[in-house]
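Next up, the structure:
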């Protein structure tokens, strides 16, 4: 059972470069989310998508963009990376249409360092 | 979403029950209490949730006070692998991703 797969696992990136973090789920969940977690702190929501074709802004959306072309994929793009975007990024999904609404399933994270 | 307050850290002896408290005095009538944990460097993991009745599953028990202003997560027989950060979240059971993760409680299970 794969669940949520994130790639890359870790990446070192020069400031100003563009970067896309990939997230794929195989559970057919309608809702997907991106969080960032800075060292020693809790998770903060960046963007979310309640269903394919729709996206919304979370708590800390600036500098990030997302797309949801289909149910399974929810990539997160940093158009021009800055050092303050150094963080661990977690993708998550939930089955809001049935099953267990409200239960989040997380990937294993992508550790991004911007120099 | 209602704000929650948790102790920063707790210790527990291996094999003993770990009782993790959470205060949520501003909880509204249709908000649920969710618990997640995050083992070092891994993605958070769902543990349990409840509305007003006590709940139990294979991982833990959740005790919610009658006024719903606080709750306790109970790990009945803590093991070293239960060492993690435990997050208490209060929210509606929709729009799960809009959960507000605070700093949680760091539980250290000691041999």
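Protein chains in written order, with this note's numbering: chain A, 39 to 153; chain B, 7 to 117.
Ideal Cβ placement from N, Cα and C applies to all residues, glycine included.
Where residue i falls, given that 16 or more other Cβ within 10 Å makes a residue buried
i: residue 120 (chain A); result: exposed
i: residue 63 (chain B); result: exposed
i: residue 115 (chain A); result: exposed
i: residue 77 (chain A); result: exposed
i: residue 17 (chain B); result: exposed
i: residue 52 (chain A); result: exposed
i: residue 145 (chain A); result: buried
i: residue 131 (chain A); result: buried
i: residue 50 (chain A); result: exposed
i: residue 19 (chain B); result: exposed
i: residue 147 (chain A); result: buried
i: residue 91 (chain A); result: exposed
i: residue 77 (chain B); result: buried
Three-state secondary structure (DSSP) of residue i
i: residue 22 (chain B); result: coil
i: residue 44 (chain B); result: strand
i: residue 149 (chain A); result: strand
i: residue 123 (chain A); result: helix
i: residue 133 (chain A); result: coil
i: residue 87 (chain B); result: helix
i: residue 42 (chain A); result: strand
i: residue 53 (chain A); result: coil
i: residue 77 (chain A); result: coil
i: residue 59 (chain A); result: strand
i: residue 5 (chain B); result: Nothing about residue 5 (chain B) can be read from this structure; chain B reaches only from 7 to 117.
i: residue 69 (chain A); result: strand
i: residue 36 (chain B); result: coil
i: residue 98 (chain B); result: coil
i: residue 93 (chain A); result: coil
i: residue 104 (chain A); result: strand
i: residue 110 (chain A); result: coil
i: residue 83 (chain A); result: strand
Cβ separation of residue i and residue j, assumed to be a contact under 8 Å, to the nearest whole Å
i: residue 106 (chain B); j: residue 95 (chain B); result: 6 Å
i: residue 93 (chain B); j: residue 27 (chain B); result: Between residue 27 (chain B) and residue 93 (chain B) the Cβ distance is about 13 Å, and since that is not below 8 Å, they are no contact.
i: residue 12 (chain B); j: residue 110 (chain B); result: 6 Å
i: residue 24 (chain B); j: residue 113 (chain B); result: 6 Å
i: residue 70 (chain B); j: residue 60 (chain B); result: 6 Å
i: residue 10 (chain B); j: residue 29 (chain B); result: 7 Å
i: residue 41 (chain B); j: residue 81 (chain B); result: About 10 Å; that fails the 8 Å criterion.
Residue from the options with nearest C-alpha to residue i
i: residue 122 (chain A); options: A:75, A:68 and A:130; result: A:75
i: residue 66 (chain A); options: A:135, A:152 and A:55; result: A:135
i: residue 126 (chain A); options: A:113, A:40, A:79 and A:112; result: A:79
i: residue 34 (chain B); options: B:97, B:112 and B:19; result: B:97
i: residue 64 (chain A); options: A:112, A:128, A:72 and A:147; result: A:112
i: residue 55 (chain A); options: A:61, A:81, A:124 and A:86; result: A:124
i: residue 65 (chain B); options: B:87, B:30, B:19 and B:38; result: B:87
i: residue 73 (chain A); options: A:152, A:104, A:41 and A:40; result: A:104
i: residue 99 (chain A); options: A:108, A:87, A:107 and A:91; result: A:87
i: residue 44 (chain B); options: A:151, A:153 and A:142; result: A:142
i: residue 83 (chain A); options: A:95, A:40 and A:91; result: A:95
i: residue 118 (chain A); options: A:108, A:107 and A:101; result: A:101
i: residue 151 (chain A); options: A:41, A:42, A:47 and A:40; result: A:47
i: residue 41 (chain A); options: A:129, A:58, A:59 and A:140; result: A:129
i: residue 155 (chain A); options: A:97, A:140, A:81 and A:107; result: With chain A covering 39 to 153 only, the question about residue 155 (chain A) has no answer from this structure.
i: residue 39 (chain B); options: B:46, B:81 and B:75; result: B:75
i: residue 110 (chain A); options: A:57, A:59, A:45 and A:70; result: A:70
Suppose only complete runs of 3+ residues qualify. What are the beta strand (DSSP E) ranges in the stretch 45-78 of chain B, listed by chain order?
Those beta strand (DSSP E) runs which fall completely within the stretch 45-78 of chain B and span 3+ residues are 51-56 and 67-70.
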